[in-house]
Structure formats: C-alpha cells, structure tokens
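In our numbering, the protein residues as written are 136 to 433.
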C-alpha cells in the first residue's frame, strides 16, 4: 500500500533498460521551490521524498503532499515495497499534531495520508489515523484529505474509526491481480481488500484503489481486478508501472506501453468507474486533488 520508489537500485549488468516513456522531468516552478524550502527548513517528512516519487514536483506545485504516519517500520513484508519490515517503534501520540502543523507550514491544499501496517497493535493504528485527521481539520479547515489505509487485518471496528471521521476519499490499494496476490502481498488477501472497499462504500465514503502493472499479470486479469473493484463500490482506480526498488524485491516482468494504459482507462470508464488515473508514472497519490470529483468523460 505504500507509494512506490521510481529509482531502481539493481546492478547495471542486470538492469532492464527503461523505455523512453518512463523518463522523468526534473521538478521546477515557484510553488515547488517554495515547498522544497519549507520542507528543508522545518525538516518535514513526506513519502514524496522518501519514495523518490516521479511526480513530486508536479504534486507539490499543485499544493498536494503525502505524509506517512505510524513510523517507518512495517509488520508486513510485501514483495514490492521498500519500507523496512520488523518490530515498529511505540506509537507516538504527539504525531497527529505534528502532521497537522507540517501541513499548515507547507500550505498544503490537499493532503494524502498513508501508513505502514501495524498488525501488532490491537487497533491496527486506527486511533492515530482518526486523531491525525481530526488534528489536520482543526488546524487546516480548508485542506481536503485522502487516507491510503491498510486492511486492519479485517478488524472492521478499526475501519469504522476511519469512516466516522469521514475524510474526503478513503483509499486501499489492491496492488495486483488475484493470481499474484500471495506473491506480491504476502500477508494480504485479495477478497479482504475488496471487502475493505465495499465496507467503506457502505459507510458513505468516496473510495479509491490502485493496481501496479508489470509484475506478470495479463491484461485480462487487470480488467477483472478493475471489475471486482467496481462491483464492490470503488469510485477511483489508479494504474501505474511497477518498478523494482532493490534487487531483493520482485523483478519487473515487463514495461507496459502508454497505449495499454490508455486502453485500460477507457475500459474502466466503460465499466462505470468515476475516475481512472492510468499511466506509466502514475502512483496512488498522483493527481489526488482531482480525485475528489468525477473524471468521467462528458
């Protein structure tokens, strides 16, 4: 469920040459420079930087930033994610206020929150999630929010805490197709993730999910995953190219051409999705500020 790095670290001898459509423009613009300065001066932490996101300049320029809460050590060991696995530090109960202050300092218009999985906690971290949303709203009443959440191991009372504080969008990533779920998301379950989306929709949330391409899935499997999300009440789907963060992670099986991403976008709209963000450099929070509204072609 984490934002994916864009800089592969495998040795040059084994590295698959990236195609031209994966070239990233250097971030520029006055808004980006202003946010960059605030981040450096106040030593703020964003997943945009730690994940080497290709869209950092564009998002910061648009007033969007992504923050990771509940530490940087995850209790899960997904095959695609570069976040460290192990025993997390104790919960920092002052974190919600610090995140709210960072958003205030950075003048963020649309904030995306994500977190590591905290399976060792009875509440799965959901109390910190809810407290962070409340703190952000108290200090930044005009900032809209998206929360990219874990599955809370199917402990639905923890999910309810997120529904109760009602962020503008609640996102939970499917990440891959059903056949590859055990390999890609070792401790996750495909149908449990679909149930997360369904329960969020039943709770009145605008729902969102993301799928990575290039892990060995077929186009037909991607379409089926999109249909499964649609059938369970998903409003927004993001589709992007998987890139291997280190040699220890799952390899890229293929680079998906932009034309295929464009085709999948049209298929998603045809099946009833309200917004489909699809392209090689798309990540979960890319254009997140736009996902509050419908993207369906008029």
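We put the CB at the ideal spot given by N, CA and C, even for glycine.
Cβ-based neighbour list, residue i, same chain, cut-off 6 Å, excluding 5 preceding and 5 following
i	result
residue 209	218, 220, 251, 252
residue 293	258, 259, 261, 287
residue 422	412
Residue i in three-state terms, based on DSSP
i	result
residue 396	helix
residue 347	strand
residue 353	coil
residue 304	strand
residue 206	coil
residue 283	strand
residue 250	strand
residue 428	coil
residue 260	coil
residue 265	helix
residue 328	helix
Identity of the residue in the options nearest residue i by Cα
i	options	result
residue 211	399, 374, 319	319
residue 429	415, 404, 399, 386	404
residue 231	273, 244, 199, 200	273
residue 398	383, 361, 336, 419	361
residue 245	265, 424, 348	424
residue 389	157, 264, 349, 312	349
residue 375	298, 385, 367, 395	395
residue 277	199, 417, 366	199
residue 275	237, 385, 323	237
residue 416	432, 431, 393	393
residue 401	418, 433, 379	433
residue 224	414, 254, 381, 153	254
residue 298	240, 194, 269	269
residue 158	366, 335, 289, 414	414
residue 271	338, 341, 202	202
residue 226	247, 239, 256	256
residue 155	381, 317, 391, 419	391
residue 408	176, 335, 366	366
CB-CB length for residue i against residue j, believed under 8 Å
i	j	result
residue 303	residue 267	Contact flag wrong, Cβ pair sits at about 14 Å.
residue 410	residue 370	7 Å
residue 213	residue 346	That belief does not hold up - the Cβ atoms of residue 213 and residue 346 are roughly 14 Å apart, past 8 Å.
residue 204	residue 234	6 Å
residue 329	residue 215	Rounded, the Cβ-Cβ distance is 19 Å, inconsistent with contact.
residue 435	residue 282	Shown here, the chain extends from 136 to 433; a query on residue 435 therefore has no answer.
residue 352	residue 312	4 Å
residue 314	residue 355	Actually they are not in contact, since the Cβ atoms of residue 314 and residue 355 sit about 11 Å apart, beyond 8 Å.
Near the ligand HEM: residue i beta-carbon under 6 Å from a heavy atom
i	result
residue 211	Within the structure as shown, the ligand HEM is missing, as the structure has no ligands at all.
7 Å Cβ shell around residue i - same chain, five flanking residues per side excluded
i	result
residue 344	306, 307, 308, 309, 332, 364, 369, 372
residue 207	218, 219, 251
Cβ-based neighbour list, residue i, same chain, cut-off 8 Å, excluding 5 preceding and 5 following
i	result
residue 377	139, 215, 347, 348, 349, 350, 385, 387
residue 359	312, 313
Residue i classed as buried or exposed, judged by whether at least 16 other C-beta atoms fall within 10 angstroms
i	result
residue 285	buried
residue 412	buried
Test: residue i CB closer than 7 Å to a CB of chain C
i	result
residue 229	Of the protein chains in the structure, only one exists, and it is not chain C.
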